[in-house]
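J.: Residue numbering for the sequence shown follows my numbering, starting at 57 and increasing by one per position.
Starting off with a structure, shown below.
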Amino acid sequence: MRITFWIAGLIWIFVSSCSNTDYVDAVPRKSRFVASFDAKEASGIKSQLVLKAVLHFKNWHNTGLDLSERFYGFESPQGYYGFCACVADEEQLAEQLVKLGSRVEDYRECRFAQVGEGWLAGFNDRSFLLMGPVTLERMGSLKHTMAKYLAQKEEEGIRASRLYARLDSIQAPIAWVGRLSSLPAKIAMPLSLGMPRDAAPDDVFWAAGMRIDKHILHITGETYALNPALQQRLQQGKQCLRPIQGQWSGLLATPSNNCLFLNAEGPSLLALLRENKDFRTLLLGANMQVEMDDMLRSVDGDVAIMQHPGKEGHHDLCLLAQSSHNDSLCCYGIDREKGEAIMKHPATEKWMQQIIGARMAIVTTLPEMENTMGNGLPFLRQLLGHVRHIVIVMK
Numbered sequence: 057m058r059i060t061f062w063i064a065g066l067i068w069i070f071v072s073s074c075s076n077t078d079y080v081d082a083v084p085r086k087s088r089f090v091a092s093f094d095a096k097e098a099s100g101i102k103s104q105l106v107l108k109a110v111l112h113f114k115n116w117h118n119t120g121l122d123l124s125e126r127f128y129g130f131e132s133p134q135g136y137y138g139f140c141a142c143v144a145d146e147e148q149l150a151e152q153l154v155k156l157g158s159r160v161e162d163y164r165e166c167r168f169a170q171v172g173e174g175w176l177a178g179f180n181d182r183s184f185l186l187m188g189p190v191t192l193e194r195m196g197s198l199k200h201t202m203a204k205y206l207a208q209k210e211e212e213g214i215r216a217s218r219l220y221a222r223l224d225s226i227q228a229p230i231a232w233v234g235r236l237s238s239l240p241a242k243i244a245m246p247l248s249l250g251m252p253r254d255a256a257p258d259d260v261f262w263a264a265g266m267r268i269d270k271h272i273l274h275i276t277g278e279t280y281a282l283n284p285a286l287q288q289r290l291q292q293g294k295q296c297l298r299p300i301q302g303q304w305s306g307l308l309a310t311p312s313n314n315c316l317f318l319n320a321e322g323p324s325l326l327a328l329l330r331e332n333k334d335f336r337t338l339l340l341g342a343n344m345q346v347e348m349d350d351m352l353r354s355v356d357g358d359v360a361i362m363q364h365p366g367k368e369g370h371h372d373l374c375l376l377a378q379s380s381h382n383d384s385l386c387c388y389g390i391d392r393e394k395g396e397a398i399m400k401h402p403a404t405e406k407w408m409q410q411i412i413g414a415r416m417a418i419v420t421t422l423p424e425m426e427n428t429m430g431n432g433l434p435f436l437r438q439l440l441g442h443v444r445h446i447v448i449v450m451k
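Here you go:
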């Protein structure tokens, strides 16, 4: 009998010593995306910066939150952005919120407080949630929903989803998995290349690992589908993309909001672009000024598609590519002399070389990312304030 209790005690100690993950069950199972953040592993960002950006906490040591556990971000089925963390001391957390000027009230075995403008915090002795932005009229409804989330068990929360299974498999300080439609439109559009025309954006997912290196946020990911037939068609659609050689990496040193880099043969590239609804619209507009289709047919090598700031807040489409005819340049919206100068003097910065060998790369800036996301994540600037460029590479 003593041996039985001793073995049971060892099992209990082992289980209780494992990483606490039940707080994650407060994240909705049907979230449109979920991201995890390990402050211990992510260089360039510390736990206190996360708390300062999200909750404006000034005392990092007595927050009531467990800073050794991962933080999670998500978009709920109702369209709210959310933040989830592990609670270490419920009373201490309530005291911190009161010090911030929030009124903490009890509701359905949980506690709630309005934080800032349009954000609602809810917590119990296990999980902390922050969700919004929400209007005053919808605050009561969101409180009811959050109380339901905070009471969820493992089979009801995000851990029971395929999204979380994929997220948990990504070995990176910051991981992100979600529907392609949950991404900013300017990022989702190039990532949707290769997606069958009859496929819905909600049927295709994007999984990525992220790391911060000085002023650069590096993102490496891939699109995938849960449906086996759609997954096969996705893979077939990307077959025409070849490894990027880096001919136009010098463009990254020029002022630009978005740059898309890839390498392909003209006819295959044109067919790929025509299959995509958004790119097909861009081609129709460009063909009104120049025979863009003919230009693309002559491409054989690296291609750079850019958006430069234009007049009255509009963005001008620019294209620079290697032609199959006598190694000449295909230029649209960019001066040929400037294009030749870029070709002769490619950028040498180490981080720019990371696009070489990738099937597709997107380079954007933090302000541009903020503009595309609207007011959904007001703490993005504080959280990634020192980041200047965002480099997205597709495997």
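For every residue, glycine included, the Cβ atom is placed at its ideal position computed from N, Cα and C.
In three-state DSSP terms, what is I230?
T.: DSSP, read as helix, strand or coil, puts I230 in strand.
J.: Have a look at P311 and C386 and give me their C-alpha separation to the nearest angstrom.
T.: Low per-residue confidence applies at P311: pLDDT is 47, beneath 50, and the placement is therefore not dependable, though the value from the model is reported in the following sentence. So the alpha carbons of these two residues sit roughly 20 Å apart.
J.: Can you check whether the CB of F130 is closer than 8 Å to the CB of F89?
T.: yes
J.: Exposed or buried, what is P299 when buried is set at 16 or more other beta-carbons lying within 10 Å of its beta-carbon?
T.: exposed
J.: Using a Cβ-Cβ cut-off of 8 Å (strictly less than) and excluding sequence neighbours within five positions of D145, which residues of its own chain qualify?
T.: Counting only Cβ-Cβ distances below 8 Å, and skipping sequence neighbours, we find G120.
J.: In the DSSP output, which residue or residues are listed as bridge partners for E278?
T.: A263
J.: Where does L376 fall in DSSP's three states?
T.: In this structure, L376 counts as strand in the three-state DSSP scheme.
J.: Which same chain residues end up closer than 7 Å to I67 when comparing Cβ atoms and leaving out the 5 residues on each side of it in sequence?
T.: Caution applies to I67, whose pLDDT of 33 falls short of 50 and renders its modelled position unreliable; the model cannot decide the point.
J.: Between D358 and the rest of its own chain, which residues show a CB-CB distance below 8 Å, the 5 nearest in sequence each way excluded?
T.: I300, Q301, G302, Q303, W304, F317, L318, N319, A377 and Q378
J.: Going by DSSP, name the residue or residues bridged to L176.
T.: Q170 and M187
J.: Are the CB atoms of M362 and C315 nearer to each other than 8 Å?
T.: Taking 8 Å as the cut-off, the Cβ atoms of M362 and C315 count as close.
J.: For A64, does the count of other Cβ atoms within 10 angstroms reach 16, so buried, or fall short, so exposed?
T.: For A64, the pLDDT reaches just 35, beneath the cut-off of 50, and the residue's location in the model is therefore unreliable, leaving the point undetermined.
J.: Considering only their Cβ atoms, is the gap separating A203 from E210 smaller than 8 Å?
T.: no
J.: So what does T421 bridge to, in DSSP terms?
T.: H445
J.: Determine the DSSP secondary structure at A91, reduced to helix, strand or coil.
T.: strand
J.: Can you tell me which residues form a DSSP beta bridge with C387?
T.: L376
J.: Which value, in whole angstroms, describes the spacing of the CA atoms of N180 and I448?
T.: 37 Å
J.: When the Cβ atoms of the region 250-269 are set against those of the region 318-338, are three or more pairs found closer than 8 Å?
T.: The region 250-269, when compared against the region 318-338, does touch it at the 8 Å Cβ threshold.
J.: In terms of residue numbering, what span does the beta strand (DSSP E) encompassing Y128 cover?
T.: F127 to E131
J.: Which residues in the same chain as Q148 place their Cβ atom closer than 8 Å to its Cβ, once the five residues preceding and following it in sequence are excluded?
T.: N118, T119 and G120
J.: Which residue or residues does DSSP assign as beta-bridge partners of G84?
T.: One point to set straight first is that residue 84 is Pro, not Gly, in the sequence displayed. DSSP output for P84 lists G213 as bridge partner(s).
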